[in-house]
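Comments concern the structure below.
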Amino acid sequence: MLFRKLGILTIITIYLLVLAGGIVRSTSSGMGCPDWPKCFGMLIPPTDVSQLPHNYQEIYAEKLHGEVEFNATKTWIEYANRLLGAFTGIVVFATFIASIFYYFKKDRVIVYLSFLGVILIGANGVLGKYVVDSFLKPGVVTLHMLLAVLVVFVLLYAIARAWSEVISVETISQKSTLNLVLVLTLVLSTSQVLLGTQVREAIDRVVANPLFGYNRNTWIEQMGLPFLIHRSYSLVILALHVYLIWLLKKNIQREGLTYKFMVALLAIVIIEIISGIIMAYFGVPAYIQPIHLTLAILSLGIQFIVYLLINAERVFKASKS
């Protein structure tokens with residue numbers, strides 16, 4: 007069915023957008039385009055400083071707090087991020103239109119959720135403009151990311167309702183205990199993501215320091231408490247996931263779809279921790295930072311899917327074939 011295929015494409019593009027946002031942040035390309043929606047006043051950004059007005063530094067000095075130096079690579083990284091954001095918006099809207107055709111009479115919750123996804127992705131686009139206008143204000147950047155997570159949750163629920171017509175979920179006992187541990191894991195994992203944003207902001211402050219910013223190998227030791235908490239907290243998150251998979255295996259009659267998602271989730275958490283170790287001991291490589299962020303958001307999405315599957319009889323009860 008078209009809606010289900012579009013739904014999967016939507017989730018993939020949103021996660022690619024999270025990855026692109028991470029690349030923008032790790033390469034300090036957030037102000038590669040100092041205006042929005044255009045870039046240096048152009049629909050297609052320049053590739054060389056010669057394409058800009060001779061007084062471009064004066065034009066954008068106030069917006070960039072005087073830090074005006076054209077960098078074609080950073081400009082095009084930010085521009086590609088914007089293009090992917092626009093494409094994501096189109097895919098989300100197409101998913102909403104498809105939901106009307108397939109589910110308006112059969113399961114309107116899917117239609118409502120798809121429409122909410124359109125509203126939220128649009129709101130995040132507007133917030134993206136404010137991110138630029140606020141010169142990457144830390145709290146605004148964090149809100150921008152959290153809104154993306156909310157979009158993922160909303161659309162995952164809509165898409166999961168559609169797929170519930172064609173999938174079967176294993177019988178699970180002790181759901182109340184599983185739900186309690188899973189919700190706790192989801193809350194703590196979200197808190198860990200927020201701690202990660204604090205670490206990222208600490209990195210930004212270190213980078214801005216002329217004494218340490220040039221040497222990546224000194225960044226970690228300069229970050230202080232936010233990093234120490236974030237690092238130690240990861241072990242709690244890992245322990246919770248190990249306990250969850252043990253608890254799930256203990257309370258299922260066969261290893262079906264829910265168990266497979268849980269195994270995948272544990273693997274992602276382990277890889278995410280490894281990526282964090284690489285950043286901590288190898289000078290915070292720029293290419294690892296967006297992967298670390300994307301894995302964190304991906305783990306939240308899979309946690310939410312596992313919750314939906316465990317409670318399939320209740321959360322999908324209105325979905326009809």
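One gets the numbering used here by counting positions in the sequence shown from 1 and adding 6 to each.
No residue lacks a Cβ here, since even glycine has one placed at the ideal position from N, Cα and C.
- The residue from 247, 100, 38, 42 with its alpha-carbon nearest to that of residue 133 is 42.
- A straight-line Cα-Cα distance of about 11 Å links residue 114 and residue 168.
- Take residue 35, set aside five residues on each side of it, and the residues of its chain with a beta-carbon closer than 7 Å to its own are 80, 83, 84, in chain order.
- Cβ contact annotation for residue 94 (same chain, cutoff 7 Å, sequence separation greater than five): 19, 20, 23, 127, in chain order.
- By the CB criterion at 9 Å, residue 104 and residue 8 fall inside the cutoff.
- Straight-line spacing of the CA atoms in residue 241 and residue 12 works out to 36 Å.
- In the DSSP annotation of this structure, the continuous segment of the alpha helix (DSSP H) that includes residue 268 starts and ends at 263-287.
- The alpha carbon of residue 198 has as its nearest neighbour, out of 267, 243, 209, the alpha carbon of 243.
- Annotation: the continuous alpha helix (DSSP H) that includes residue 235 extends over 231-256.
- Per the DSSP secondary-structure output, residue 48 pairs in a beta bridge with 45.
- In the displayed model, residue 178 falls within a strand according to three-state DSSP.
- Within 10 angstroms of the beta-carbon of residue 295 lie 16 or more other beta-carbons, which makes it buried.
- One alpha carbon belongs to residue 149, the other to residue 203, and they sit about 10 Å apart.
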